[in-house]
Structure formats: C-alpha cells, structure tokens
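I have placed the structure first, in the form of structure tokens, so that the comments after it can refer back to it.
In the working numbering, the protein residues as written are 1302 to 1556.
Pasting the structure below:
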C-alpha cells in the first residue's frame, strides 16, 4: 500500500471548538490515531490551515481570529477584561500577539458581555511589547467591572495578497503571502476571471477590467467561485497552474 509518514500529507478534522486536544476532534479524512499522514494532495482543494497561537490572550465571539471580546488566561481559566483597564496601546500589543494588523476598533460591549470572572488588573502597555503579559500591570482604580463593560477589539486583517510589476497597486501579477514568502498564484484558464475578481475586491481596487497571462506557468493553484471577499476564502489546489495578471477598474495606468 502507499507509504504514510508522520508529518507529511493532509488530515481533515471537524472540531466543535471546546475540545482540549485535536485528537478529540472527528477525523473526516485520514487514519485515526495519526495526526498528520494522508496521501499528499488528498484534501479536495482545501487550504492547509496555519494557526497563530497565544497561550495568554484571545478574542472571542467575533468574526474570526482578529476580532472579539478580549479575554486573558488567569489561573487556567479565561477572564474578560474591563474597558477601563485596557487602552489603545494595550490593543496594539494584543493585535500583534495574535498575528493581526493594527487595531481598527476598541469599544465597550462590542462583542457581548463576558461570562465568568473578570481580569482584576489594569494593563500598562507601552505598545511595543510582543506579548500582553509582558506589559506592566497595576491595581485597578475601581473595585468592580460592571456587567456589559467587557472590552471588545477589532484588529485589521493581514493583507496577504498583492499585484506586482503592473505599474500600480491595482494591476499586475497576482501573488499571495504563504508560509513566510510571496508566491505566484495560478489558476486554470476557466477560473482566472473569478480569481482576479476576488483579488480586485480584496485590495479595494474595484472590479476586474482584464485578465492576462502571467509571467510564469508555475503558480500555486487556487479555485474561486467569485463572490468570496478575500483570496484565502478560495480553495487551494495542490498542483501548479499558469500564473495570471489582473487589471482592476481602479487602476489609472494604461498598460
């Protein structure tokens, strides 16, 4: 039979989110008992998922990793942070720790009330720290945190797509930041218009004006249906496809 090696290939899991270990999740595709080890490419076009982990802080009840109610790990349980104990500089550290971009919104009650205990210190971050728990803290100036005063934070999402060598930010060859480097994006001929439409939309460059062949035939493949808001919502294909050049409607340079 095929050789299966630990650490190579893909395993597809279904988790509810309250499991203490990934081994408690249901394996949809793969071999039970082997964390990773299915035939390479056996993922039906889905992206590999890369996770930024933090043991001390998280954002919950938001739209994704980069938005939600601020919670801090305290005595092996999670505690909400009161709005009066958290400011813009603290938010900058949290966004950085979670692998997100700069804070976009900081508002009390933005993502609901906290359940359970409340963090009992006031953070005194300078804004340059790598981790929230590296920041100084002080005793809070008030005795209690009233219900509904849990702070909510929205960080900007990382911009992981760009158009290059086209004369403007809204025209050029499509590249995506993946596993620490910028890589050419490719797609089958019939799929390139959908991919270009998603890229133009993600970059705020309007609609697609033209799609041209790229400068390489070896781009990592993606498949988009068209209505996705960002390229990472599209499915990954584990073969190489022709690269593409997208010209968006906001481009003001004639190529």
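In this text, a Cβ means the ideal position worked out from N, Cα and C, and glycines have one as well.
Note that the structure is predicted; figures quoted are calculated from it, not measured.
{"query": "Quick one: what's residue 1315 bridged to in DSSP?", "result": "1327"}
{"query": "Please classify residue 1522: is it buried, with 16 or more other beta-carbons within 10 angstroms of its beta-carbon, or exposed?", "result": "buried"}
{"query": "Looking at residue 1452: is its Cβ nearer than 8 Å to the Cβ of residue 1500?", "result": "no"}
{"query": "Using DSSP with H/G/I as helix, E/B as strand and the rest coil, what is residue 1491?", "result": "helix"}
{"query": "For residue 1506 versus residue 1535, is the C-beta spacing smaller than 8 Å?", "result": "no"}
{"query": "Just to confirm before moving on: does the CB-CB distance between residue 1510 and residue 1550 stay below 8 Å?", "result": "yes"}
{"query": "If I measure Cβ to Cβ from residue 1483 and keep anything under 6 Å in the same chain, skipping five residues before and after, which residues do I get?", "result": "1476"}
{"query": "Could you give the residue range of the alpha helix (DSSP H) that holds residue 1390?", "result": "1389-1398"}
{"query": "What span of residues does the beta strand (DSSP E) with residue 1419 cover, start to end?", "result": "Premise fails: residue 1419 is in no beta strand (DSSP E) and is neither H nor E."}
{"query": "Tell me the residue span of the beta strand (DSSP E) that contains residue 1472.", "result": "1472-1479"}
{"query": "Could you tell me the distance, in whole angstroms, from the CA atom of residue 1515 to the CA atom of residue 1376?", "result": "53 Å"}
{"query": "What do you reckon, are the CB atoms on residue 1436 and residue 1396 nearer than 8 Å?", "result": "no"}
{"query": "Can you check which of these residues, 1325, 1445, 1383 and 1532, is closest to residue 1479 by C-alpha distance?", "result": "1532"}
{"query": "Chain D beta carbons: is any one of them nearer than 8 Å to that of residue 1356?", "result": "Absence of chain D from the displayed structure is noted, only one protein chain being present."}
{"query": "Just to confirm my understanding: we take residue 1449, look at its own chain, exclude 5 residues before and 5 after, and list those with CB closer than 8 Å. What are they?", "result": "1409, 1410 and 1414"}
{"query": "Using a 10 Å radius around the Cβ and a threshold of 16 neighbouring Cβ atoms, would you call residue 1497 buried or exposed?", "result": "buried"}
{"query": "Return the chain-ordered list of same chain residues with a C-beta closer than 8 Å to the C-beta of residue 1545, the five sequence neighbours on each side being excluded.", "result": "1474, 1475, 1486, 1487, 1488, 1493, 1496, 1497, 1512, 1513, 1514, 1515 and 1520"}
{"query": "In the DSSP assignment, what are the bridge partners of residue 1408?", "result": "1453"}
{"query": "Quick check on the burial criterion: 16 or more other C-beta atoms within 10 angstroms. Buried or exposed for residue 1406?", "result": "exposed"}
{"query": "Short of 7 Å in beta carbon distance, which residues of its chain neighbour residue 1438, apart from the five on each side in sequence? Order them along the chain.", "result": "1422, 1423, 1424 and 1425"}
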